[in-house]
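Enquirer: Chains as they are written, first to last, in the numbering used here: chain A, 3 to 430; chain B, 3 to 430.
Protein chains: 2
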Amino acid sequence: MSDYLSMSKEEQLEEFKAVRAEYEKLRLMHLSLDMSRGKPGFDNMDLSEEMFDLVGNDTGFKNISGIDCRNYGGLDGLAELKTLFGEILDISPDQIIVGGNSSLNMMFDTIAQAMTHGMGGEPWAKQGEIKFICPAPGYDRHFAITEYFGFKLLTVKINSDGPDMDAVEELVKDPSVKGIWCVPKYSNPEGVTYSDDVVRRMAALKPAAGDFRIFWDNAYAVHDLYDEGDKLLNIYDECVKAGNPDLPLIFTSTSKITFPGAGVAAQAASPNNVAMLKGRMKYQTIGPDKLNQLRHARMFKTADDVRAHMKKHAGVLRPKFECVLAELENELGGKGIAKWTNPKGGYFISLNVLPGCAKRTVQLCANAGMILTPAGATFPYGKDPEDENIRIAPSYPSVEEIEKASKVLCVAVKYAVLEKLTGYKKKA
Amino acid sequence: MSDYLSMSKEEQLEEFKAVRAEYEKLRLMHLSLDMSRGKPGFDNMDLSEEMFDLVGNDTGFKNISGIDCRNYGGLDGLAELKTLFGEILDISPDQIIVGGNSSLNMMFDTIAQAMTHGMGGEPWAKQGEIKFICPAPGYDRHFAITEYFGFKLLTVKINSDGPDMDAVEELVKDPSVKGIWCVPKYSNPEGVTYSDDVVRRMAALKPAAGDFRIFWDNAYAVHDLYDEGDKLLNIYDECVKAGNPDLPLIFTSTSKITFPGAGVAAQAASPNNVAMLKGRMKYQTIGPDKLNQLRHARMFKTADDVRAHMKKHAGVLRPKFECVLAELENELGGKGIAKWTNPKGGYFISLNVLPGCAKRTVQLCANAGMILTPAGATFPYGKDPEDENIRIAPSYPSVEEIEKASKVLCVAVKYAVLEKLTGYKKKA
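Written out as structure tokens, the structure reads:
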């Protein structure tokens, strides 16, 4: 387990020869592995099998309010789901909007609304250059939405306790800065949960733009891997205390609780913001799919039901995460060429390799039949300034596949690093 | 059955006295009836009861392409539904996007996209004053979307064969005119199906604006009330023939085939337009609810399955329509104070009363416990210039309720008209 960086050139070349041979062996196995996206596995989805029997001809189609969920109507969702998401997010049910199958869609639509109709001020599209703060590494699809709408993306470092708040506080002095993307619990991909101090500083921001909003994507609100999960301070309460009730727009979903493609998404905010959002929604739709909402309402009567269900998910996911982490430790530990996160929840492990080696590692993995998220994807514009970050999504493959995939990954990291260190030229 | 308009003032006052007494009797029945929206009844929705048993643990979750429909992915919908909607709309499956539960949402999002990213040209929001053609009477929610986005709404008369094409051809010479709303088959509320000539003239339009689009909401594509339904010419084929493939954006859904709140919506267009729409969608969502799509795919293997299903719907709806029509004929026939449509499909009967009497009729109905669509709603800005059009939606109540509701409606029409003719002042 010697440190590659303190090896002599000769030792490095020797080691590289061995690594190349190992890589060649793996490549010839013609593997087909995918750790690119945070997709639940079939073993996760099977946990919600009872969902399919909860709404049907025997059980009826009415919710507690007596609404026939097959028909039109109910713009902001079923009462029981407002209560449930209210419990999960610790916010009043009347400040919750329950939607369709995608919280990403809700975020997109919220920004689209701000572009054409503003967020209490002038339409963002009419304000000239506009900017958005992107703590990075972060979620590529967040950054992509704001890039699509023409924002200048401002990168802020994410530390072990959340975004660099000194930088954020400085940036919001610019009135063209309109928002910040946050995954405050088990962040994608770092697995970081924002500290109480970071949440309080976020809530106390005094942005120059009155129409600045915190996009608080609490995607992993109940997604602990261990009994002892991280605790996240309630952003809405803190914002109210700080006199900023309209600052946060909170999102969550059951995509990784029930079904990724057929879950239920929700959005929470101040009464002002909720009224503004509904002001768009009443033109946009006659209402969400209430039958799917009803399935969820009947499956989860309380947030405790959800938490009990999440323990089953943890049972499926934990061995997958631990398999990757063990392999990383075994193969890369002590070599001075990589660092990785050890998350207590969420869907990702973030791996930082020697600067300049991430793209090459991902390419080497692909050549050996293993797909990773493109290097750089976790940064605004898809460009990692240090070319060092790799996002690992261990949820989808089986443990057996993950063992092989982790092996490929570690060999690829060593290959890329040694190639760089030795100045080796031949293309693999 | 004497014509009110040729009565002497004395005869009118006599008749009015009788009508007022009749109205009073109805009012004291404290009815609670609703013919305001085109909502299917529970008897319609019950026809799709088998849907709930088609996707579950016994049947599996994979579609014909082997996709696990529970998981993420599949931006533009399941292959079998593209084929099905392709059959219904007579357009190639690869030009179909299958979405969520609401075609209205697809229309809204398409216009939102054009506002911020254009329709092949400059963003509509950056083009100064923009206008949209609204054939009227028409669908209030269409008009509302364009009003929300700040269009100037241009009213065009709808004749028995479709919109007044002379007027449309004149209006599109203005480059700030960006589109037209069309419900080409069994139009809402007139029940008009566009003639071949109108479709061909629509397809051959040469708008000054290169980014002009026909929003072709084929909501009632298979919604015949009788065996012999209206035939609608294929707008896409005609546009291709006319050298205008990018002109139409076609929409439909199963909202009134399966479940209003939990159906599946689809959008069809030229390859250019489809690519443009997907260019937005890939940022907006990870994909639609494929489990609900799978339910639909398993229920309807072919368009013929859909047509057979629609015959059952017709069996439920026909008596309701005929009940209203019989009552209108009985009570208002020959009186010279009202005209109404006799649709062969769709969801509405359109009633035109003596100019200046629509609002008052709707108010009188409300006072007697019967809710109608607000008078004027079928016109841009909710303003019927003649105050004469009333939209009747007979689908939701039972036949028994419809009998009572039609009675109330006819008495209210007579009341409003006689009140006007006699100059009677007392408030009902």
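Glycine included, every Cβ here is placed at the ideal spot set by N, Cα and C. Just so we're clear, the structure is a prediction, and the values are computed from it rather than from any experiment.
Which of helix, strand or coil does DSSP assign to methionine 37 of chain A?
Expert: The residue you call residue 37 of chain A lines up with position 35 of the first sequence. Note: methionine 37 of chain A maps to strand in three-state DSSP.
Enquirer: On the three-state DSSP scale, how would you describe phenylalanine 18 of chain A?
Expert: On the first sequence, position 16 is the one that residue 18 of chain A refers to. Of the three classes helix, strand and coil, the one that applies to phenylalanine 18 of chain A here is helix, per DSSP.
Enquirer: Which same chain residues end up closer than 6 Å to serine 257 of chain A when comparing Cβ atoms and leaving out the 5 residues on each side of it in sequence?
Expert: On the first sequence, residue 257 of chain A is found 255 positions in, with the first residue counted as 1. Excluding sequence neighbours, serine 257 of chain A sits near Gly265.
Enquirer: Shortest alpha-carbon distance to glutamate 89 of chain A belongs to which of A/Ala414, A/Tyr25, A/Arg309?
Expert: Here residue 89 of chain A is taken as the residue at index 87 of the first sequence, counted from 1. Here the closest residue by C-alpha is A/Arg309.
Enquirer: Which first and last residues belong to the beta strand (DSSP E) in which glutamine 269 of chain A is found?
Expert: Start at 1 with the first residue of the first sequence, and residue 269 of chain A comes out as number 267. Here the beta strand (DSSP E) through glutamine 269 of chain A covers 267-270.
Enquirer: I believe leucine 56 of chain A touches arginine 297 of chain A by the beta-carbon criterion, under 8 Å. Please report the beta-carbon distance rounded to the nearest angstrom.
Expert: Taking the first sequence and counting its residues from 1, one reaches residue 56 of chain A at position 54. Taking the first sequence and counting its residues from 1, one reaches residue 297 of chain A at position 295. Confirmed, about 5 Å.
Enquirer: Have a look at isoleucine 147 of chain B and lysine 208 of chain B and give me their C-alpha separation to the nearest angstrom.
Expert: Locating residue 147 of chain B in the second sequence gives position 145, counting from the first residue. Locating residue 208 of chain B in the second sequence gives position 206, counting from the first residue. Going by the C-alpha atoms only, they are around 24 Å apart.
Enquirer: Per DSSP, threonine 157 of chain B is paired with what?
Expert: Residue 157 of chain B sits at position 155 when you count from the first residue of the second sequence. Threonine 157 of chain B pairs with B/Cys136.
Enquirer: Just grab the DSSP bridge partners of valine 179 of chain B for me.
Expert: Here the question's residue 179 of chain B lines up with position 177 in the second sequence. Answer is B/Lys133, bridged to valine 179 of chain B.
Enquirer: Would you be able to state if there are at least three C-beta pairs under 8 Å between the segment 202-221 of chain A and the segment 177-186 of chain A?
Expert: The segment 177-186 of chain A is in contact with the segment 202-221 of chain A.
Enquirer: Taking C-beta pairs closer than 7 Å, name the residues in chain B that leucine 33 of chain A reaches, listed in chain order.
Expert: For the purposes of this step, residue 33 of chain A is taken as residue 31 along the first sequence, with counting starting at 1. Here the premise fails: no neighbours, minimum Cβ distance about 20 Å.
Enquirer: Is phenylalanine 261 of chain A near the ligand HEM, with its Cβ less than 6 Å from a heavy atom?
Expert: This structure lacks the ligand HEM, and indeed carries no ligand of any kind.
Enquirer: Mind the definition here: the segment 180-191 of chain A touches the segment 344-355 of chain A only if three or more C-beta pairs lie below 8 Å; say whether that holds.
Expert: The segment 180-191 of chain A, when compared against the segment 344-355 of chain A, does touch it at the 8 Å Cβ threshold.
Enquirer: Which residues in the same chain as leucine 234 of chain A place their Cβ atom closer than 8 Å to its Cβ, once the five residues preceding and following it in sequence are excluded?
Expert: Here residue 234 of chain A corresponds to residue number 232 of the first sequence, with the count starting at 1. Cβ neighbours of leucine 234 of chain A beyond the five flanking positions: Pro186, Lys187, Thr195, Tyr196, Val201, Asn220, Ala223.
Enquirer: Within 7 Å of any Cβ in chain A, is that where the Cβ of alanine 430 of chain B sits?
Expert: By 1-based counting over the second sequence, the position of residue 430 of chain B is 428. With a pLDDT of 46 at alanine 430 of chain B, under the threshold of 50, the predicted position of this residue should be treated as unreliable, though the coordinate-derived value follows. With 7 Å as the cut-off, alanine 430 of chain B does not count as an interface residue toward chain A.
Enquirer: Using 7 Å as the threshold, is the C-beta distance between proline 387 of chain B and cysteine 136 of chain B below it?
Expert: For the purposes of this step, residue 387 of chain B is identified with residue 385 of the second sequence, where counting begins at 1. For the purposes of this step, residue 136 of chain B is identified with residue 134 of the second sequence, where counting begins at 1. Not a contact, by the Cβ cut-off of 7 Å.
Enquirer: For threonine 254 of chain B, which of helix, strand or coil comes out of DSSP?
Expert: The count along the second sequence starts at 1 and reaches residue 254 of chain B at position 252. If DSSP states are grouped into helix, strand and coil, threonine 254 of chain B belongs with the strands.
Enquirer: So, helix, strand or coil for alanine 430 of chain A, using DSSP?
Expert: Position 428 of the first sequence, counting from 1, holds the residue named residue 430 of chain A. Reliability fails at alanine 430 of chain A, whose pLDDT of 46 lies under 50, so the model's placement of it is uncertain and the value that follows must be treated cautiously. It is coil, neither helix nor strand.
Enquirer: Quick one: what's serine 352 of chain B bridged to in DSSP?
Expert: The residue you call residue 352 of chain B lines up with position 350 of the second sequence. DSSP, once it has assigned bridges, lists B/Arg393 as partnering serine 352 of chain B.
Enquirer: Within the 7 Å Cβ cut-off, does threonine 287 of chain A reach chain B?
Expert: For the purposes of this step, residue 287 of chain A is taken as the residue at position 285 of the first sequence. So, interface residue.
Enquirer: When you compare each of A/Lys41, A/Gln14, A/Lys422, A/Ala23 to isoleucine 394 of chain A by their alpha carbons, which one comes out closest?
Expert: For this step, residue 394 of chain A is matched to residue 392 along the first sequence. Closest option to isoleucine 394 of chain A, Cα to Cα, is A/Lys41.
Enquirer: Within 10 Å of its beta-carbon, does leucine 30 of chain B have 16 or more other beta-carbons around it, so buried, or fewer, so exposed?
Expert: As a position in the second sequence, residue 30 of chain B is number 28, starting the count at 1. Leucine 30 of chain B is exposed by the Cβ-count criterion.
Enquirer: Can you find the residues in the same chain that come closer than 8 Å, C-beta to C-beta, to alanine 379 of chain A, ignoring five residues on each side of it along the sequence?
Expert: One-based indexing of the first sequence puts residue 379 of chain A at position 377. Excluding sequence neighbours, alanine 379 of chain A sits near Asp142, Arg393.
Enquirer: Assuming glycine 123 of chain A contacts alanine 267 of chain A under a Cβ cut-off of 8 Å, what Cβ separation, rounded to an integer in Å, is found between them?
Expert: Here residue 123 of chain A refers to the residue found at position 121 of the first sequence. Here residue 267 of chain A refers to the residue found at position 265 of the first sequence. Contact flag wrong, Cβ pair sits at about 26 Å.
Enquirer: Are any of the Cβ atoms in chain A nearer than 7 Å to that of alanine 267 of chain B?
Expert: For the purposes of this step, residue 267 of chain B is taken as residue 265 along the second sequence, with counting starting at 1. False, the Cβ-Cβ gap to chain A never drops below 7 Å.
Enquirer: Does DSSP classify methionine 121 of chain B as helix, strand or coil?
Expert: For this step, residue 121 of chain B is matched to residue 119 along the second sequence. If DSSP states are grouped into helix, strand and coil, methionine 121 of chain B belongs with coil.
Enquirer: Leucine 91 of chain B lies in the beta strand (DSSP E); which residues open and close that run?
Expert: Indexing the second sequence from 1 puts residue 91 of chain B at position 89. First-last for leucine 91 of chain B: 81-91, but that is the alpha helix (DSSP H), not the beta strand (DSSP E).
Enquirer: Suppose you measure from the CA of glycine 152 of chain A to the CA of isoleucine 132 of chain A; what does that come to, to the nearest Å?
Expert: Here residue 152 of chain A is taken as the residue at index 150 of the first sequence, counted from 1. Here residue 132 of chain A is taken as the residue at index 130 of the first sequence, counted from 1. Straight-line Cα distance between these residues: approximately 8 Å.
Enquirer: Note down the Cα distance separating lysine 314 of chain B from phenylalanine 63 of chain A, rounded to an integer number of angstroms.
Expert: On the second sequence, position 312 is the one that residue 314 of chain B refers to. On the first sequence, position 61 is the one that residue 63 of chain A refers to. Roughly 21 Å separates the two Cα atoms.
Enquirer: Residues in its own chain within less than 7 Å of asparagine 275 of chain A by CB, not counting five upstream and five downstream?
Expert: Along the first sequence, one-based indexing puts residue 275 of chain A at 273. Once the five neighbours on either side are set aside, the close Cβ partners of asparagine 275 of chain A are Asp248, Leu251.
Enquirer: Would leucine 28 of chain B and glutamate 403 of chain B qualify as a contact pair, given that the criterion is a beta-carbon distance under 7 Å?
Expert: Against the second sequence, residue 28 of chain B aligns to sequence position 26. Against the second sequence, residue 403 of chain B aligns to sequence position 401. Not closer than 7 Å, so no.
Enquirer: Name the chain B residues whose beta carbon is nearer than 7 Å to that of tyrosine 25 of chain A?
Expert: Within the first sequence, numbered from 1, the residue matching residue 25 of chain A stands at position 23. The contacting residues do not exist; tyrosine 25 of chain A stays about 30 Å from chain B at best.
Enquirer: Return yes when the Cβ of aspartate 389 of chain A is within less than 7 Å of the Cβ of lysine 361 of chain A, no when it is not.
Expert: Position 359 of the first sequence, counted from the start, is the residue given in the question as residue 361 of chain A. Position 387 of the first sequence, counted from the start, is the residue given in the question as residue 389 of chain A. Closer than 7 Å, so yes.
Enquirer: Round the Cβ separation of threonine 254 of chain B and phenylalanine 110 of chain B to the nearest angstrom and send it over; I've been treating them as touching at under 8 Å.
Expert: Taking the first residue of the second sequence as 1, we reach residue 254 of chain B at position 252. Taking the first residue of the second sequence as 1, we reach residue 110 of chain B at position 108. Not really, about 16 Å apart at Cβ, beyond 8 Å.
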